[in-house]
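Since the structure comes first, as structure tokens, the remarks are kept for the end.
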Amino acid sequence: MLKINEHYLKLQASYLFSDIAKRVTAFQADHPEREVIKLGIGDVTQPLPSACIAAFHKAIDEMATAGGFRGYGPEQGYEFLRQAIAEHDFQARGADIQADEVFVSDGAKCDTGNIQELFAGDAKIAIPDPVYPVYLDTNVMAGRTGDFQDGRYRGIVYLESTRANNYVPDLPKEPVDLIYLCFPNNPTGSTITREQLKVWVDFARDAKALILFDAAYEAFIRDPSLPHSIFEIKGAREVAIEFRSYSKSAGFTGTRCAYTVVPKECVAHDSAGAKQAIHPLWNRRHCTKFNGVSYPVQRAAEAVYSSEGRAQCTALIDGYLANAKIIRQAMNELGYHTVGGDNAPYVWIEAKGDSWAFFDLLLNKAGVVCTPGAGFGKCGQGYIRLSAFNSEANVVKAMARIREALA
Ligand code: PLP
Numbered sequence: 000m001l002k003i004n005e006h007y008l009k010l011q012a013s014y015l016f017s018d019i020a021k022r023v024t025a026f027q028a029d030h031p032e033r034e035v036i037k038l039g040i041g042d043v044t045q046p047l048p049s050a051c052i053a054a055f056h057k058a059i060d061e062m063a064t065a066g067g068f069r070g071y072g073p074e075q076g077y078e079f080l081r082q083a084i085a086e087h088d089f090q091a092r093g094a095d096i097q098a099d100e101v102f103v104s105d106g107a108k109c110d111t112g113n114i115q116e117l118f119a120g121d122a123k124i125a126i127p128d129p130v131y132p133v134y135l136d137t138n139v140m141a142g143r144t145g146d147f148q149d150g151r152y153r154g155i156v157y158l159e160s161t162r163a164n165n166y167v168p169d170l171p172k173e174p175v176d177l178i179y180l181c182f183p184n185n186p187t188g189s190t191i192t193r194e195q196l197k198v199w200v201d202f203a204r205d206a207k208a209l210i211l212f213d214a215a216y217e218a219f220i221r222d223p224s225l226p227h228s229i230f231e232i233k234g235a236r237e238v239a240i241e242f243r244s245y246s247k248s249a250g251f252t253g254t255r256c257a258y259t260v261v262p263k264e265c266v267a268h269d270s271a272g273a274k275q276a277i278h279p280l281w282n283r284r285h286c287t288k289f290n291g292v293s294y295p296v297q298r299a300a301e302a303v304y305s306s307e308g309r310a311q312c313t314a315l316i317d318g319y320l321a322n323a324k325i326i327r328q329a330m331n332e333l334g335y336h337t338v339g340g341d342n343a344p345y346v347w348i349e350a351k352g353d354s355w356a357f358f359d360l361l362l363n364k365a366g367v368v369c370t371p372g373a374g375f376g377k378c379g380q381g382y383i384r385l386s387a388f389n390s391e392a393n394v395v396k397a398m399a400r401i402r403e404a405l406a
């Protein structure tokens, strides 16, 4: 008799986006004349940069020729892309990362989800609250938690991000082995300073812990004092892995390309207490379970680093950041406390009440869809997230409607 992995049964069904969709459908059925503006989802809306499209087309044309055709590529990614990443995303910022420490993949979702399988089943996990749910659910699947009780899984150390700590969690008070951090943050849009990140790196070094640093929104950082990579922090090479993605930086959510950086010095320990390098383990996992990102997609990603590509990506993100500013200003003027939106595409808004009640208010009175913060964890209750991923015209219209509804 085949038994299933019963840890899957502990998972809480994610009703968040289906509940949102149900409420929106019901509203539209009742008010077919009202146009709904969606500022809820975290998906990009603008087309791919033309430099990426040109490189994509060219690579496809190469594939149509006998000389240019390529079959399986290196699982870790083509050298041209790994090299460009190491130079532009790290070395240019003073972070010592080499091309062979970069693993190209089809998404930061898969990478942040898959990485936990390298670590022991009894590893103590620290996870932010509110959180991008992948970190939590993949550890539940792996059996690192107890049951779900009172809004939380037993056995997890929750790192609370609240107004009191300006949405940057304090160090845990109990021992932990694996720490998830995400900055600029989804869902709060908060950022971490160099000094604050150094505190986490030092903590991980002392505790022989490892930080999994999700920098999927790094490209939205405009404040020059903020770190783009954890590897800009001294001592991080031994205790951190970083995840990046072209999804939000270059509009690749439907094209799929991302990467994970595992420095060669990065270690965990075996049961005898001996250091074990993580790089060969991740390399082994990657080669065993993944067959590489397609050649045209990697060429399109490489084009992000060309001079035209960089300018186009900057313009793309500037557009979203301008939207975020409009959202944040409007909510502040209406008397709501907000965070995010200046170095991130998300604005996190204190709802002055229940998350879902505020969601319903915005939908019914303004025809605007947000994401209720309660869907991201216990600390998200009482907040909503508005996303800047939409056209400027829609954002302006949405905020005018919200002003009218809430004024
Ligand atoms: N990490 C965070 C924090 C995200 O918000 C997202 C997507 O919303 C991802 C990772 C996933 O990125 P990708 O599209 O590369 O899978």
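According to numbering that gives the first Met the number 0, numbering within the sequence shown proceeds without interruption in unit steps and concludes at 406.
For every residue, glycine included, the Cβ atom is placed at its ideal position computed from N, Cα and C.
Checklist entry - What does a CB cutoff of less than 7 Å around Phe102 pick up in its chain, not counting 5 residues either side in sequence? => result Excluding sequence neighbours, Phe102 sits near Gln75, Gly76, Tyr258, Thr259, Val261, Trp281 and His285.
Checklist entry - When the Cβ atoms of the stretch 32-50 are set against those of the stretch 366-375, are three or more pairs found closer than 8 Å? => result They touch, by the three-pair rule.
Checklist entry - Excluding the five sequence neighbours on either side, which residues of its own chain have a C-beta within less than 6 Å of the C-beta of Arg236, listed in chain order? => result Closer than 6 Å at the Cβ level, and outside the excluded window around Arg236, lie Pro262 and Glu264.
Checklist entry - Which of helix, strand or coil does DSSP assign to Gly250? => result Correct three-state label for Gly250: coil.
Next on the checklist: Suppose the cutoff is 8 Å on Cβ atoms and the five residues either side in sequence are ignored; what does the same chain contact list for Arg193 look like?
Outcome noted: For Arg193, where only same-chain residues beyond five positions count, the Cβ hits under 8 Å are Ser224, Leu225, Pro226, Glu231 and Ile232.
Next on the checklist: Just to confirm, is the Cβ distance from Ala425 to Ile96 under 7 Å?
Outcome noted: With the chain running from 0 to 406 in the structure shown, residue 425 is simply not present.
Checklist entry - Looking only at its own chain, which residues have a Cβ that is under 7 Å from the Cβ of Thr337, when we skip the five neighbours before and after it? => result The answer, listed in chain order, is Arg327, Met330, Asn331, Val346, Trp347 and Ile348.
Item to check | Selected residue, minimal CA-CA separation from Leu15, among Ala122, Arg402, Ala392 and Gln380 | outcome: Looking at the Cα atoms, Gln380 is the closest of the given residues.
Next on the checklist: For a test of your reading of the model: does the CB of Ser104 fall under 6 Å from any non-hydrogen atom of the ligand PLP? Yes or no.
Outcome noted: Answer for Ser104: no, Cβ out of range of the ligand PLP.
Checklist entry - Could you give the residue range of the alpha helix (DSSP H) that holds Tyr134? => result Its alpha helix (DSSP H) spans residues Val133 to Met140.
Item to check | Residue interval of the beta strand (DSSP E) (run including Ala299) | outcome: Premise fails: Ala299 lies in the alpha helix (DSSP H), Tyr294 to Glu301, not in any beta strand (DSSP E).
Next on the checklist: Can you give me the C-alpha to C-alpha distance between Leu361 and Ala404, rounded to a whole angstrom?
Outcome noted: Annotation: Leu361 to Ala404 spans about 8 Å, alpha carbon to alpha carbon.
Item to check | the ligand PLP heavy atom lying under 6 Å from the CB of Asn185 | outcome: The ligand PLP approaches Asn185 closely enough that one of its heavy atoms is under 6 Å from the residue's Cβ.
Checklist entry - With burial defined as no fewer than 16 other Cβ atoms inside 10 Å of the residue's Cβ, what is the status of Asn184: buried or exposed? => result Buried.
Checklist entry - If we ignore side chains and look at the alpha-carbon of each, how far apart do Ile383 and Ala20 end up? => result C-alpha separation (whole angstroms): 16 Å.
Item to check | Sequence-distant residues of its chain with Cβ nearer than 7 Å to Ala321 (five each side left out) | outcome: Cβ within range, chain order: Glu391.
Checklist entry - Quick check: the stretch 5-14 against the stretch 139-157, are there 3 or more CB pairs under 8 Å? => result The stretch 5-14 is in contact with the stretch 139-157.
Checklist entry - Name the DSSP bridge partner or partners of Pro127? => result Beta-bridge pairing links Pro127 to Leu158.
Checklist entry - Where does Asn342 land, buried or exposed, given buried means 16+ other C-beta within 10 angstroms? => result Buried.
Item to check | Buried or exposed (CB count within 10 angstroms, at least 16 for buried), Thr187 | outcome: Counting every other CB atom within 10 Å of its CB across the protein chains shown gives Thr187 a total of 16 or more, marking it as buried.
Item to check | Of the residues Gly291, Ala249 and Ala267, the one placed nearest Glu307, counting alpha carbons only | outcome: Among Gly291, Ala249 and Ala267, the Cα nearest to that of Glu307 belongs to Ala249.
Next on the checklist: Within the continuous alpha helix (DSSP H) that includes Glu307, where are the two ends?
Outcome noted: Segment Ser306 to Glu332, the alpha helix (DSSP H) holding Glu307.
Item to check | Sequence ranges, alpha helix (DSSP H) only - wholly within the stretch 37-73, length at least 4 | outcome: If we require 4 residues or more, the alpha helix (DSSP H) runs fully inside the stretch 37-73 come out as 49-62.
Item to check | Distance, Leu1 Cα to Ser228 Cα | outcome: Here the alpha carbons of Leu1 and Ser228 stand approximately 44 Å from one another.
Next on the checklist: At a threshold of 6 Å, does Ala257 count as lining the ligand PLP (C-beta to nearest heavy atom)?
Outcome noted: Ala257 Cβ: within cutoff of the ligand PLP.
Item to check | C-alpha gap between Val395 and Ala65, whole angstroms | outcome: Between Val395 and Ala65, the alpha-carbon positions lie close to 51 Å from each other.
Next on the checklist: According to DSSP, is Asp201 part of a helix, a strand, or is it coil?
Outcome noted: Looking at Asp201 - three-state DSSP - the assignment turns out to be helix.
Item to check | Cβ neighbours of Thr190 in the same chain (closer than 6 Å, five flanking residues each side left out) | outcome: Cβ-Cβ distances below 6 Å link Thr190 to Phe182, Pro183, Leu225 and Asn342 in the same chain, with the five nearest sequence neighbours on each side left out; the list follows chain order.
Item to check | Neighbour-count burial assignment, Lys247, 16 or more Cβ in a 10 Å radius | outcome: Buried, by the Cβ-count rule.
Checklist entry - Contact check, Val133 vs Thr111 under 8 Å by CB: the rounded distance? => result The beta-carbon distance between Val133 and Thr111, rounded to whole angstroms, is 5 Å. This is short enough to meet the 8 Å contact definition.
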